[in-house]
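First comes the structure, then the notes that go with it.
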Amino acid sequence: MALLHRAELRPTKLELLAGWLLAQPWYAGGTGAGVERVAAYRFDDPAGDVGIETILVRVGAGPLHQVPLTYRAAPLDGGDAWLVGTCEHSVLGRRWIYDGCGDPVYQAALAGALAGDVVQADEYFEVDGRLVARERNMTVARVAGTSEDTPDAGAELGAELQVDADEGLTRIDTRSFELTVLRRPALRPAPTGDALVGTWSGQPSALVLAYARPR
């Protein structure tokens with residue numbers, strides 16, 4: 076369960092992404108237009124310390140981009156290369172926002188989702204002392220691959236990531252599996268490994284968001 080706050084962020088997430096996204100090697104859109112939020116989904120941090128949200132965005136008429144984000148109350152040790160920026164949260168105070176691909180909490184959540192051990196988080200607001208569910212605007216699901224092997228959510232995750240700018244992929248290495256995040260989700264043949272797919276209003280055909288394959 077993800078407990079959300081009705082709060083103001085300064086700058087907003089989209090304002091932070093407006094400067095950061097266009098500088099990424101896998102970005103394939105244009106300039107001169109604002110960043111538009113298309114859909115989003117969340118995972119839970121079992122420790123309850125880190126917020127994990129993946130936002131799908133578009134700039135103008137450009138392609139869809141997927142940006143996993145983590146929200147932290149303090150800087151991530153060794154995470155400077157993955158820092159998107161900081162913002163002031165009107166309830167929680169200063170938050171450090173990271174590209175989730177470089178954050179071990181997101182990496183573990185993604186591995187767990189691809190293994191079938193982690194599900195999409197339900198989102199709630201607290202209103203007058205009771206929890207009120209927020210309707211999902213996107214649904215993600217695991218699709219089992221043809222391999223009998225599944226990623227181990229507890230596996231040691233690699234600190235170095237591989238970026239394929241042309242294909243718009245970020246690969247996260249574990250000891251036995253390679254997790255691939257599609258920065259530009261698209262309709263494509265299902266990979267042989269386990270996959271995470273998503274649908275939302277206006278996108279009834281499932282797009283592959285990430286997949287795992289044995290090394």
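The working numbering runs 75 ahead of the 1-based position in the sequence shown. For each residue, glycine too, the CB sits at the ideal point set by N, CA and C. The structure displayed is predicted, hence computed values, not measured ones.
Check: Proximity to ASP119 [Cα-Cα], best of GLY137, GLN182, GLY105, ASP155; Outcome: GLN182
Check: Pairwise C-alpha distance: ASP269 and THR249; Outcome: 15 angstroms
Check: Cβ neighbours of TYR286 in the same chain (closer than 6 angstroms, five flanking residues each side left out); Outcome: THR255, PRO266, GLY268, ALA270
Check: Cβ-Cβ distance between GLY16 and LEU96 below 8 angstroms; Outcome: Nothing about residue 16 can be read from this structure; the chain reaches only from 76 to 290.
Check: Whole-angstrom C-beta distance between GLY154 and MET104, which should lie under 8 angstroms; Outcome: Looking at the sequence itself, residue 104 is Gly, so the reference to Met does not match. About 25 angstroms separates the two Cβ atoms, so there is no contact after all.
Check: Which residues DSSP lists as bridging ASP120, in chain order; Outcome: Paired residue(s): none; ASP120 is not in a bridge.
Check: For GLU67, the first and last residue of its enclosing alpha helix (DSSP H); Outcome: Since the first residue of the chain shown is 76 and the last is 290, residue 67 is not available in this structure.
Check: Where LEU158 falls: helix, strand or coil (DSSP); Outcome: strand
Check: heavy atom of the ligand GDP below 7 angstroms from ALA108 C-beta; Outcome: This structure simply doesn't include the ligand GDP, nor any ligand for that matter.
Check: Given THR106 as reference, the closest of ARG117, ARG112, ALA93 once Cα atoms are compared; Outcome: ALA93
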